[in-house]
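Same order as they appear, the protein sequences are chains A and B. Following my numbering, the numbering of the first sequence begins with 12 at its first residue and continues without gaps. Following my numbering, the numbering of the second sequence begins with 12 at its first residue and continues without gaps. Even for Gly, the Cβ is constructed at its ideal location relative to N, Cα and C. Everything on this sheet refers to the single structure shown next.
2 protein chains.
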Amino acid sequence: MTEPLTIWTYDWVPPGPRGHVRDIRLRWACEEAGLTYDVKSVSFHDRGPEHFARQPFGQVPFIEDGDITIFESGACLLYLARKSEKLMPRDPKGEAATLEWTIAALNSIEMVSVPWWFIGLSKDANNPLEGWLLQRLQHLDAVLAQREWLAAGQFTVADILMTDALRVPKVRAAGEFPALRSYIDRACARPAFQRAYDGQMAHFAAGDR
Amino acid sequence: MTEPLTIWTYDWVPPGPRGHVRDIRLRWACEEAGLTYDVKSVSFHDRGPEHFARQPFGQVPFIEDGDITIFESGACLLYLARKSEKLMPRDPKGEAATLEWTIAALNSIEMVSVPWWFIGLSKDANNPLEGWLLQRLQHLDAVLAQREWLAAGQFTVADILMTDALRVPKVRAAGEFPALRSYIDRACARPAFQRAYDGQMAHFAAGDR
């Protein structure tokens, strides 16, 4: 019998980020692939040396799988993708396509959308990253107008990352990109996403007590 | 006899970005691993549908290897890493460590440093991403004060990405992080980096003609 893998997240977060803490990406992947997982918590308020030893930037999530620990949600997803072809096809072309779109979500979309969102928290107008964000979303919209999922003609971890980057309410509302919106809706309608979302919401609600 | 792989980059760029166009990451990896490669060019000035078909954001680099094409420098490096254990160890723990630090370079460091740099082009003071950047660099400095290379006790593709993110002159000059600076110097002193750098500089100089 294999030990289930463990997803580590915070014990609690404020209401704002609930539903968007990045452990949802890992939960979602496990739900899609039917991988058994436990969820364990580190303190949100007290991030000590033990936490930094496992996540050098003091963030979550990270996973433990036997004697392997791994941080960065994108790295965790590529690691999990090796466990199930529901998350990444096994042929070299399909694997390359999944890999490039996984990195595109992290380094072409989130590299603009996350700082744009962050700046928007304190600045309503003239966000200096706005033009760049809209350009990236426009390119992505053109791609998604032509296909259901990003890579290899199937749902993959690249779609988990890209959807999670795009479904942030302010990002979703940026510009007029119909293909992006129906992509987000299509992905979030998957039962595995809903189970992951409900799981995260219940986890943080339990931390309120 | 295997066909060499092809690294695609621009035919020319202005002097500013020379030495920093991301094909250098792929050249560097190939030089470290002793992989034979060709370099081919797409037009910097005219980015048509054929370019977007291979790189949906109209950027470079991308690679061709037989019937596989792959874009995003981070994805290309993880793809190349499978070809040589000089770029990533073959044991599961070493591979996981290489993967997490590769993604950390892309999504924990560049996600802050690249937009910070971009905003700095038009705004000298009060960069809204400054505090976040310094915090990330401080965490990374603490890690690099304890080790020579990021992952698995050896130089890997994670070091190529992290070094290339950090050696951007403004990023290198941000804050006082002695471990980061000696890490950058150590990595850039490698003959493979120097060959990659010289190769890129010669390529764009040839485009001036």
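Residue i: which of the options sits nearest, CA to CA?
| i | options | result |
| --- | --- | --- |
| Asp209/B | Glu42/B, Asp135/B, Ile81/B and Gln157/B | Glu42/B |
| Ala185/A | Arg206/A, Asn138/A, Trp19/A and Ala216/A | Asn138/A |
| Gly105/A | Trp23/A, Asp219/A, Tyr194/A and Thr167/A | Thr167/A |
| Phe82/B | Ala107/B, Glu121/B and Arg36/B | Arg36/B |
| Leu88/B | His56/B, Arg33/B, Phe55/B and Gly59/B | Arg33/B |
| Ala40/A | Val53/A, Leu91/A, Ser54/A and Ser52/A | Leu91/A |
| Gly59/B | His150/A, Cys199/A and Ala198/A | His150/A |
| Arg197/A | Ala156/A, Gly77/A, Glu111/A and Pro28/A | Ala156/A |
| Arg192/B | Gln211/B, Thr174/B and Pro202/B | Thr174/B |
| Gly30/B | Arg158/B, Pro67/B and Phe215/B | Phe215/B |
| Gln165/B | Trp112/B, Asp135/B and Ser133/B | Trp112/B |
| Lys181/B | Ser95/B, Gln211/B and Leu132/B | Leu132/B |
| Val71/A | Ser95/B, Asp57/B, Ala115/B and Val71/B | Ala115/B |
Among residues of its own chain, excluding the 5 on either side of residue i, which ones have a beta-carbon nearer than 7 angstroms to its beta-carbon?
| i | result |
| --- | --- |
| Leu140/A | Val123, Pro126, Trp127 and Ile130 |
| Leu117/A | Gly85 and Leu172 |
| Ser119/A | Arg147 |
| Trp143/A | Val123 |
| Thr47/B | Pro15 |
| Ala190/B | Asp152, Leu155 and Ala156 |
| Pro218/A | One detail in the question is off: residue 218/A reads as Gly in this sequence, not Pro. Answer for Gly218/A: Asp22 and Trp23, listed in chain order. |
Might you give, ordered along the chain, the residues of its own chain that have their beta carbon closer than 6 angstroms to the beta carbon of residue i, omitting 5 neighbours on each side?
| i | result |
| --- | --- |
| Lys97/B | Glu43 and Ala44 |
| Asp49/A | Pro15 and Thr17 |
| Phe188/B | Leu148 and Asp152 |
| Glu75/A | Thr17 |
| Arg38/B | Ala207 and Gly210 |
| Glu61/B | none |
| Gly27/B | none |
| Ala108/A | Ala162 and Ala163 |
| Ser95/B | Ala44 |
Report yes if the CB atom of residue i is closer than 7 angstroms to the CB atom of residue j, and no otherwise.
| i | j | result |
| --- | --- | --- |
| Ala169/A | Leu161/A | yes |
| Ile195/B | Arg206/B | no |
| Ser52/B | Asp78/B | no |
| Ala163/B | Pro100/B | yes |
| Trp19/A | Phe68/A | no |
| Phe55/B | Val24/B | yes |
| Thr80/A | Arg93/A | no |
| Glu121/B | Ala203/B | no |
Per the DSSP calculation, residue i is bridged to which residue(s)?
| i | result |
| --- | --- |
| Trp19/A | Lys51/A and Phe73/A |
| Gln165/A | Ala162/A |
| Phe82/B | Phe73/B |
Residues of chain D with a CB under 8 angstroms from the CB of residue i: which are they?
| i | result |
| --- | --- |
| Tyr90/A | Of the protein chains in the structure, A and B, none is chain D. |
So, for residue i: in the same chain, excluding its five sequence neighbours on each side, which residues have a beta-carbon less than 8 angstroms away from its beta-carbon?
| i | result |
| --- | --- |
| Leu145/B | Ala185 and Gly186 |
Could you tell me whether any non-hydrogen atom of the ligand ADP is closer than 6 angstroms to the CB of residue i?
| i | result |
| --- | --- |
| Cys41/A | The ligand ADP is not part of this structure, which contains no ligands at all. |
Contiguous alpha helix (DSSP H) assignments of at least 4 residues, all confined to the stretch 104-146 of chain A:
121-131
Let me know the alpha helix (DSSP H) ranges lying completely inside the stretch 167-197 of chain A, each 4 residues or longer, listed in chain order.
168-177 and 180-183
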